[in-house]
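Enquirer: For what it's worth, this note's numbering labels the leading residue of the sequence shown as 424, then goes sequentially.
Right, I'll just put the structure down here and ask away after.
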Amino acid sequence: EATAGKTLRPGVRSLQIVREIIKSTSVVHQSLSPGYVYIRVGVFQEDSSDQVDKALRKYEAENNGKLRGLVLDLRSNPGGLLDQAVRIADLFLDSGIIVSTVGRDRARQEVEYATKRHTHPYMPLVVLVNEASASASEIVAGALQDHNRGLIVGMPTFGKGSVQQIIPLPNGAGLKMTVARYYTPNGRSIQAKGITPDVTLPANPSARAAFKANAAGNTDVLKDEDSQATPAQRGGRKEVDLEGHIEATDLSNSPANLGFASDIDKWPTNLKNDYQLKMGYTYLRSWARFAQN
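Given below as structure tokens:
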């Protein structure tokens, strides 16, 4: 055990440090509106699947045994335990492959399958991902995407689809080697490619136009979303450059236009200001609207 003072003394000292187990909550959840639920998995640790299962059962019990929609948030989830990723995917899939692990000998594969035992009643599902979603979170997103079980929304993921193993060395050190790779149910390699969302959606709505133009190779749109340059400065004039122009009002994706802005007004501030979450919720509500017609 060590106690550090404010004064540093020269020289080398040996300290004995007692390691403490740090317990963190990996799963948080919130009701968005009657029948609609938000669940965030921050990391896959030993009790994550049980926490997600428990949360689903809680909200199902409050909504006559069935949910109308779920937003599963895997953004900035760096991964964790593979078995927990498999179990969480299994909560939404009743059959088929979840993930395949393929080593140097491609003839030898380890395959994880979904079962009906722990599958929850069907509900529309939106999965949020971003550039920091890696490893186990990519396995879950890839499995749900390949089985057409959920709509993947956000940004392309990190692309950590390799398996490492530490080989002990005689001097007490270890050699960390890549021994296998993860593949989605359809045989897609996650490594260095990641999962491409069904709906590409930057976290900042003002960055969306720049992202789409950059992806399309449009050099007329500046990549810096904070630039004050006008279209006229970039070589052309538009309505927005005219003095006294009328400001635009966009209602296409407005929750108010779809009739549920009051739901979002009741959310906690951190959720209310989350653009990707609001759009994911919008997709779920629109999903239900189409199902009624």
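For glycine and all other residues, C-beta sits at the position ideal for the given N, C-alpha and C.
Note that this is a predicted model, so its numbers are computed, not measured.
DSSP beta-bridge partners for HIS452?
Expert: Locating residue 452 in the sequence shown gives position 29, where the first residue counts as 1. Note: HIS452 sits in a beta bridge opposite ILE462.
Enquirer: How big is the Cα-Cα spacing for TYR606 and ALA512?
Expert: Working through the sequence shown from its first residue, we reach residue 606 at position 183. Working through the sequence shown from its first residue, we reach residue 512 at position 89. Taking the straight line joining both Cα atoms gives about 14 Å.
Enquirer: Do VAL549 and GLY698 come within 7 Å of each other at the CB atom, strictly closer than that value?
Expert: As a working mapping, residue 698 is identified with position 275 in the sequence shown. As a working mapping, residue 549 is identified with position 126 in the sequence shown. This sequence places Tyr at residue 698; Gly is not what is there. Their beta carbons are not under 7 Å apart, which means TYR698 does not touch VAL549 by this criterion.
Enquirer: With DSSP as the reference, please indicate the residues paired to GLN588 in a beta bridge.
Expert: One-based indexing of the sequence shown puts residue 588 at position 165. In DSSP, GLN588 forms a bridge with MET600.
Enquirer: Along the chain, where does the beta strand (DSSP E) containing ILE440 start, and where does it finish?
Expert: Translated into the one-based positions of the sequence shown, residue 440 becomes position 17. Run containing ILE440: none; DSSP gives neither H nor E here.
Enquirer: Am I right that LEU694 and GLN453 are in contact with their C-beta atoms under 8 Å? What's the rounded C-beta distance?
Expert: Sequence index remark: in the sequence shown, residue 694 carries index 271 (1-based). Sequence index remark: in the sequence shown, residue 453 carries index 30 (1-based). Confirmed, about 7 Å.
Enquirer: Give every residue of the same chain whose Cβ lies closer than 8 Å to the Cβ of MET578, excluding the five residues on either side of it in the sequence, and list them in chain order.
Expert: As a working note, residue 578 is residue 155 in the sequence shown. Contacts found: VAL552, ASN553, GLU554, PRO620, THR623, LEU624, PRO625, ALA626.
Enquirer: Starting from THR542, trace the alpha helix (DSSP H) both ways and give me its first and last residue.
Expert: Translated into the one-based positions of the sequence shown, residue 542 becomes position 119. For THR542, there is no enclosing alpha helix (DSSP H), as DSSP marks it with neither H nor E.
Enquirer: Step through the CB atoms of chain D and report whether any lies within less than 7 Å of the CB of ASP470.
Expert: As a matter of chain content, chain D is missing from the structure shown, which is built from one protein chain.
Enquirer: Reducing DSSP to helix, strand and coil, say where ASP472 ends up.
Expert: On the sequence shown, position 49 is the one that residue 472 refers to. Per the sequence presented here, residue 472 reads as Ser, with Asp not at that position. Looking at SER472 - three-state DSSP - the assignment turns out to be helix.
Enquirer: Quick one: what's GLN532 bridged to in DSSP?
Expert: If you number the sequence shown from 1, residue 532 lands on position 109. As a beta-bridge residue in DSSP terms, GLN532 pairs with VAL525.
Enquirer: Between SER650 and the rest of its own chain, which residues show a CB-CB distance below 8 Å, the 5 nearest in sequence each way excluded?
Expert: Sequence index remark: in the sequence shown, residue 650 carries index 227 (1-based). Low confidence applies to SER650: its pLDDT is 39, below 50, so where it sits in the model is not reliable, and the reading given next is rough at best. So the list is empty, once near-sequence residues are dropped.
Enquirer: Can you have a look at GLU535 and say buried or exposed, based on whether 16 or more other CB atoms are within 10 angstroms of its CB?
Expert: Within the sequence shown, the letter at position 112 stands for residue 535. By the neighbour-count rule (16 or more Cβ atoms within 10 Å), GLU535 is buried.
Enquirer: Name the DSSP bridge partner or partners of PHE467?
Expert: For the purposes of this step, residue 467 is taken as residue 44 along the sequence shown, with counting starting at 1. DSSP lists GLY503 as partners of PHE467.
Enquirer: DSSP on LEU718, reduced to helix/strand/coil?
Expert: Since the first and last residues shown for the chain are 424 and 716, residue 718 lies out of range.
Enquirer: Starting from the Cα of GLN588, find the closest Cα among LEU574, GLY595, PHE581, ALA603 and give me that residue.
Expert: Here residue 588 is taken as the residue at index 165 of the sequence shown, counted from 1. Residue ALA603 is the option with its Cα nearest to GLN588.
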